[in-house]
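Numbering (the numbering used here), first residue to last: 72 to 143. All residues carry an ideal CB built from backbone N, CA and C; glycine is no exception. All figures in this text were calculated on a predicted structure; none of them were measured in a lab.
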Ligand SMILES: [Zn+2]
């Protein structure tokens, strides 16, 4: 059974995703290592969508898809 999961990624140039929590764009800022959380959302075992969050917003939202995994 596939379940939703979240990972932490650095925000890259050209990123235009909107944060699923606050609705603002997850923007790249030069010289700032901003982090975002990207969640693959599954419902009833089927992939539904990808959601993006500011890293802080994901925490504030109560980690809806579980703790975000750090890429090693
Ligand atoms: Zn946000």
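Residue list for ligand 1: 90, 92, 93, 125, 128 (CB closer than 5 Å to any heavy atom, chain order). In the structure shown, the three-state DSSP call for residue 81 is strand. Residue environment analysis places residue 91 among the buried positions, since at least 16 neighbouring C-beta atoms fall within 10 angstroms of its C-beta. Beta-bridge analysis with DSSP links residue 124 to 108. Closest in C-alpha terms to residue 94, from the list 118, 124, 133, 103, comes 124.
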